[in-house]
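Sequence order for the protein chains is A and B. To convert, note that position 498 of the first sequence is 490 in the numbering used here; the numbers rise steadily by one, no gaps. To convert, note that position 256 of the second sequence is 268 in the numbering used here; the numbers rise steadily by one, no gaps.
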Amino acid sequence: MSFAKSMWGASATAENNWAYDYLPKLDVTYDVLRAFDLMAQGKMTGYFCQGFNPLMTFPDRGKLTKGLSNLKFLVTMDPLETETSRFWENHGEYNDVKSADIKTEVFQLPTSCFAEDEGSLVNSGRWLQWHYPGQEPIYESKHDTWIMAQIHLRLKKLYEAEGGAFPDPITKLNWPYADPGEPSPMELAKEMNGSALGDVFDPKDATKVIVAKGKQLDGFAQLRDDGSTTSFCWIYAGCWTESGNNMARRDNTDPEDAGLAPKWAWAWPANRRILYNRASADPAGKPWDDTRKLVYWTGEKWGGIDVPDYGAAFKPEQNVGPFIMNPEGVARFFSRKMMRDGPFPAHYEPFESPVANAVAPKIRGNPAARIFKADFAALGSSDKYPYVATSYRLTEHFHQWTKHNRVNAALQPEFFVEISEELAKEKGITKGGWVRVWSNRGSIKAKAVVTKRIKPMMVDGKPTHIVGIPQHWGFMGAAKKGHNPNSLTPFVGDANIETPEYKAFLVNIEAVASGPIA
Amino acid sequence: MANQSLNLLRRSASTDVPAVAGGAQIEVAKLIDVSKCIGCKACQAACLEWNDLREEVGVNTGVYDNPHDLTPHSWTLMRFAEWDNPDTGNMEWLIRKDGCMHCSDPGCLKACPAPGAIVQYTNGIVDFIHENCIGCGYCLKGCPFNIPRISKVDHKAYKCSLCSDRVAVGQGPACAKACPTTAIMFGTKDAMKAQAEKRIVDLKSRGYANAGLYDPAGVGGTHVMYVLHHNDKPEIYAGLPHEPKISPLVAAWKGTGKVLALGALAFAAIGAFVHHTVVGANRVSEHDEENAAELIEATRAKTSGGDGPEARV
């Protein structure tokens, strides 16, 4: 309810079921593989690409180019000149497309980079740490918030003028910002936290107002399902309260040297630093280890240096398990319902493998994984592609970003593949020489790094060679133009969250006289 | 300009080193623990950034080393060596951060003929003062570690300064600050030796019987030291010299050579004086004058012709 009030304000009422029908519902998951498959089929015709460079990262680059070429429009929002923004531009062997045949209209919208933005970054410890811009955005680049607000306002105007099948979710979107053209980070953060739309009363005493109308909420416990509160994201309730921006707190006091620093920034939920911290005390509520006590039973309540992840009124003798989000109250070693190939995943070979599945030799890959028909047909087999390839990153680069930086580009300037001395000898490949590597989906050229670090493996009694392919190059930026492993990788995801299978696929390799001609 | 807060101990080609005000400073050192290095090159990036240097974007030659050697821009370089350990049968990836060792007895400074182009501070840092450098390259001949590089742009010699500008204000070098595994540490030489000792004990307990500190006595010890797992074989770390010494040529050039050269110089001066008094000054003969006039005429005729030289090409 609080989320609906945040989205549609006064338009979310009990009468219209709190605007539940305004929310789009997914028929299937729209992961990147499905999105690009729909593009390749011509069924997805517009794409917003914000801070992403799919052309160089998602699998089977040939299919990606086909998909992007089928779009009516592509919008890219990025601080860098991404290859995706330039997918239509011919760069010789590095991007050999016929520009005249591509009808996609591309809108390249330069954005500020994170160091030019104000806002919070959330780390894996769930801390929301506020940061301030180091400088103003350069040239014509704009904050993402400005771009999205401008697109929204223009769309809203069009819907207001022309109507449409169901314009309400857009025309009635709550837009309470001082400058509608650019919501400020402060406004968005306060909205994320949430506030009282009317007086909020104590559930135990209906006459006692705990949050007055218009005030920021202190935490998610104050949220109400009667439309009297608003909060864009309940887990963030508490990040910006009446006492100010808790994410900007910089008191690094660390009681008992526990590594919690509870007054540094703010952690969701409720500034709780360690989840299920009740498990740090024994059933009687006494810390298991006196040198590492997080929460404990004082005799009257739960105290300690962390916010208890437990019912405040639960007495130890009630024997409520510490893992309160699980009905059984204890930790789980496996997930019975939430994994497609659970409870215990079995090992299946990758879809492209030199050996058959040990448990089910007639089945290719993981039977619980999704693979589209055309992509299954594009798989190669080890008779034509005898070598196992894998992709990885290098310490000198971060994804596709740092190749735009002269320093990083100098430290690892040119695309290469790595092979063992044994494979190099077998195929007549010299250290630093050019090679061609190809799979059933594409072909690339690279310099060869011949190394003792890679050794042939014995797989199913057969020596199996490996080709290592790092993934940091492209045809834009300061580094030398180069290819990437995604020209070769198969268009298949893992069984549970559709993460593309970049780590194992089949290729062939040969020495060639010279490199690509750009 | 040498940083004013650093006291000079030595100055190239000079006898007028000012007396140290306030006594000697404590010797500093950078400790590079090769056994903790992951080869990420963050030190190289930090060096380029702090010193505002920009390396060329090169090519891959089949190895991870980039650039392929120290350059006037790259004052430090990760050198990657893949070594098969015959005792264990394991391949060891030995990654050594190459750069100036800041010798206590600096061969570069000894070899340098330009007054004040190379200095050594009392804290041990050996620094190049580029405004005094004449680009002769003798420092490179004097260096037992093959470190300085001459710029093709300004013809001056460049190498690691041990971030003397940062050290002067109580900071460690940029590379040490950037190192994610604390494989690069910085402090007093004594503290770094003590730190190394702890690491060596640890490495020995892990089976590296020859682990040790590389602080070669042949150059009086260094202010950049390595912890090596195989200190008995420094050469396996991309050719780290076994027992580095200043080239005998430098000793000859600054020692007996200097005396002999001074003698030769005196002999030449005396000879010239004798020649002048006996034979007299050189005169231009009439024949020479005629030849010169002809040459000038010929050149004029060539360039004032109907077709310019460009048109004939």
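Idealized CB from N, CA, C, for every residue including glycine.
Interface flag, residue i vs chain B, CB-CB below 8 Å
i: A:P462; result: no
i: A:V504; result: no
i: A:P177; result: no
i: A:R216; result: no
i: A:P405; result: yes
i: A:E423; result: For the record, residue 423 of chain A in the displayed sequence is Lys; it is not Glu. Taking Cβ atoms only, chain B reaches closer than 8 Å to A:K423, which makes this a yes.
i: A:V399; result: yes
i: A:I501; result: no
i: A:V442; result: yes
Any C-beta of chain A under 8 Å from that of residue i
i: B:M13; result: Its pLDDT being 40, under 50, B:M13 is placed unreliably in this model, and the value from its coordinates should be taken loosely. Not one chain A Cβ lies under 8 Å of B:M13.
i: B:V71; result: yes
i: B:E67; result: yes
i: B:G74; result: yes
i: B:P118; result: no
i: B:A57; result: yes
i: B:K109; result: no
i: B:C52; result: yes
i: B:M204; result: no
i: B:P79; result: yes
i: B:N144; result: no
Classification of residue i by the beta-carbon crowding that lies within 10 angstroms, buried from 16 upward
i: B:N19; result: buried
i: B:D2; result: Residue 2 of chain B cannot be examined here, being either before or after the span of chain B that is shown, 13 to 325.
i: A:Y39; result: buried
i: A:F158; result: exposed
i: A:T49; result: buried
i: A:K149; result: exposed
i: A:K95; result: exposed
i: A:V20; result: exposed
i: A:F306; result: buried
i: B:P260; result: exposed
i: A:N400; result: buried
i: B:A323; result: Residue confidence is low: B:A323 scores 40 on pLDDT, short of 50, so the model does not pin down where it sits. Its coordinate-derived value is still stated next. With fewer than 16 other Cβ atoms within 10 Å, it is exposed.
Rounded separation between residue i and residue j - CA only
i: A:D333; j: A:N358; result: 9 Å
i: A:Y22; j: A:G156; result: 24 Å
i: A:D52; j: A:E344; result: 14 Å
i: B:L174; j: B:Q132; result: 12 Å
i: A:P222; j: A:S187; result: Looking at the sequence itself, residue 222 of chain A is Thr, so the reference to Pro does not match. Taking the straight line from one Cα to the other gives about 6 Å.
i: A:K200; j: A:V192; result: 8 Å
i: A:K395; j: A:A416; result: 28 Å
i: A:D70; j: A:Q33; result: 26 Å
i: A:K454; j: B:A221; result: 37 Å
i: A:H123; j: A:A(-4); result: 28 Å
i: A:P172; j: A:I143; result: 11 Å
i: A:E388; j: B:I107; result: 15 Å
i: B:E309; j: B:R295; result: 23 Å
i: B:I50; j: B:K171; result: 23 Å
i: B:K42; j: B:R22; result: 20 Å
i: A:L66; j: B:M197; result: 49 Å
Nearest candidate by alpha-carbon position, reference residue i, set the options
i: A:I509; options: A:E81, A:M(-7) and A:D88; result: A:D88
i: A:F467; options: A:T76, A:F99 and A:T221; result: A:T76
i: A:P492; options: A:F28, A:I316, A:K417 and A:N500; result: A:F28
i: A:S479; options: A:C105, A:K58, A:L165 and A:V399; result: A:K58
i: B:E255; options: B:P156, B:E298 and B:C59; result: B:P156
i: B:P81; options: B:G111, B:R66, B:G101 and B:N63; result: This sequence places Asp at residue 81 of chain B; Pro is not what is there. It is B:G111 whose Cα lies nearest to the Cα of B:D81.
i: A:G507; options: A:K376, A:I355, A:A438 and A:A240; result: A:A438
i: A:N8; options: A:K423, A:F325, A:E341 and A:G219; result: A:G219
i: A:I297; options: A:G251, A:L386, A:G291 and A:I458; result: A:G251
i: A:E341; options: A:M31, A:D160, A:E152 and A:K495; result: A:K495
i: B:C151; options: B:I130, B:H288 and B:K210; result: B:I130
Any chain D beta carbon closer than 8 Å to residue i
i: B:E309; result: Considering every chain present, this structure includes no chain D. Its protein chains are A and B.
Within 8 Å, strictly: CB atoms of residue i and residue j
i: B:G136; j: B:H114; result: yes
i: B:K153; j: B:V262; result: yes
i: A:L215; j: A:A198; result: no
i: A:K182; j: A:W232; result: yes
i: A:W0; j: A:K164; result: yes
i: A:S(-2); j: A:N166; result: yes
i: A:Y268; j: A:G277; result: no
i: A:S61; j: A:T103; result: no
Closer than 7 Å: residue i CB and nearest the ligand GDP heavy atom
i: B:M204; result: This structure lacks the ligand GDP, and indeed carries no ligand of any kind.
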